[in-house]
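K.L.:
Residue numbers (the numbering used here): 5 to 191.
(1) To the nearest angstrom, report how far apart residue 74 and residue 183 are at their CA atoms.
(2) Is the shortest distance between the beta-carbon of residue 70 and the beta-carbons of chain C less than 9 Å?
(3) What do you get for residue 111, buried or exposed, if any count of 16 or more other CB atoms within 10 angstroms of its CB means buried?
(4) To the nearest angstrom, report how far apart residue 58 and residue 156 are at their CA atoms.
(5) What is the residue span of the alpha helix (DSSP H) that residue 2 lies within?
(6) Between residue 81 and residue 36, is the Cβ-Cβ spacing less than 9 Å?
(7) In three-state terms, what does DSSP make of residue 6?
(8) Could you say which of 93, 46, 79, 38 lies nearest to residue 68 if we only look at CA atoms?
(9) Would you mind giving the Cβ-Cβ distance between residue 24 and residue 41, rounded to the nearest angstrom? I have them listed as a contact below 8 Å.
(10) Go ahead and pull the three-state DSSP assignment for residue 95.
(11) Counting C-beta neighbours from all protein chains within 10 Å, is the total for residue 14 16 or more, i.e. buried, or is it exposed?
(12) Out of curiosity, what's the CA-to-CA distance linking residue 153 and residue 146?
(13) For residue 21, collect the residues of the same chain with a Cβ closer than 7 Å to its Cβ; drop the 5 residues on either side in sequence, then sort them by chain order.
(14) Kindly indicate which three-state DSSP category residue 175 falls into: helix, strand or coil?
(15) Can you check which of these residues, 120, 60, 160, is closest to residue 178 by C-alpha distance?
(16) Roughly how many whole angstroms lie between the Cα atoms of residue 125 and residue 50?
What follows is the structure, given as structure tokens:
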């Protein structure tokens, strides 16, 4: 299935994980540490109260707002990452989460495209057709990660959270390296 189809068919948990995973992979642009989003991941585990999400989201926003700082050479990417965090819904309802997951998907792909400096790419077609050929390596890897996260949660429910978090952690490392390369090049 294409990324668009996976998002359209995802349940509430899948949508929350999808949006959070995109945000987590882009966390280096937010200025926080690697653990900044961990409480939100925990709130998606089996047995967690839905009300925890909104409270933890506000706490996370506060921490990341306090940690925010300029990231050399990636201003547009940082603005997109901040927008993903700001757009996160306070309640875990499927319609709000679907809109957020879709936005995070597009913005995360845009961020990877910006950092790769690969030029003009039809992101809508890539999401719709699940095609990574012709995409830059950084962008293609992000597309594959987004699909993998949705497939893990769809197939395994809450048990897929660990795999989704691992994919996001690896993606965060890759993005951090891309930001570092871009900063050195722009310096």
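Don't be surprised by glycine CBs; every beta carbon is placed ideally from N, CA and C.
P.N.:
Reading from the atomic positions:
(1) Sequence index remark: in the chain shown, residue 74 carries index 70 (1-based). Sequence index remark: in the chain shown, residue 183 carries index 179 (1-based). Reliability fails at residue 74, whose pLDDT of 49 lies under 50, so the model's placement of it is uncertain and no value is given.
(2) Absent from the structure: chain C. Only one protein chain is present.
(3) Here residue 111 is taken as the residue at index 107 of the chain shown, counted from 1. It counts as buried.
(4) Numbered from 1 along the chain shown, position 54 holds the residue referred to as residue 58. Numbered from 1 along the chain shown, position 152 holds the residue referred to as residue 156. Near 24 Å, if we compare the C-alpha coordinates of residue 156 and residue 58.
(5) Nothing about residue 2 can be reported from this structure: the residues present for the chain run from 5 to 191 only.
(6) The residue you call residue 81 lines up with position 77 of the chain shown. The residue you call residue 36 lines up with position 32 of the chain shown. No, the pair does not count as a contact, with Cβ atoms beyond the cut-off.
(7) For the purposes of this step, residue 6 is taken as residue 2 along the chain shown, with counting starting at 1. It is coil, neither helix nor strand.
(8) Position 64 of the chain shown, counted from the start, is the residue given in the question as residue 68. For residue 68, the nearest C-alpha among the options comes from 38.
(9) Counting from one through the chain shown, the residue named residue 24 turns up at place 20. Counting from one through the chain shown, the residue named residue 41 turns up at place 37. With a Cβ gap of about 7 Å, residue 24 and residue 41 count as contacting.
(10) As a position in the chain shown, residue 95 is number 91, starting the count at 1. Of the three classes helix, strand and coil, the one that applies to residue 95 here is coil, per DSSP.
(11) As a working mapping, residue 14 is identified with position 10 in the chain shown. Buried: at least 16 other Cβ atoms inside 10 Å.
(12) Mapped onto the chain shown, residue 153 falls at position 149. Mapped onto the chain shown, residue 146 falls at position 142. If I take the Cα positions, the gap works out to 11 Å.
(13) For the purposes of this step, residue 21 is identified with residue 17 of the chain shown, where counting begins at 1. Contacts found: 48, 153, 157, 165, 168.
(14) In the chain shown, the residue the question calls residue 175 occupies position 171. Three-state result, residue 175: helix.
(15) The count along the chain shown starts at 1 and reaches residue 178 at position 174. Nearest of 120, 60, 160 to residue 178, Cα basis: 120.
(16) Numbered from 1 along the chain shown, position 121 holds the residue referred to as residue 125. Numbered from 1 along the chain shown, position 46 holds the residue referred to as residue 50. Between residue 125 and residue 50, the C-alpha separation is close to 38 Å.
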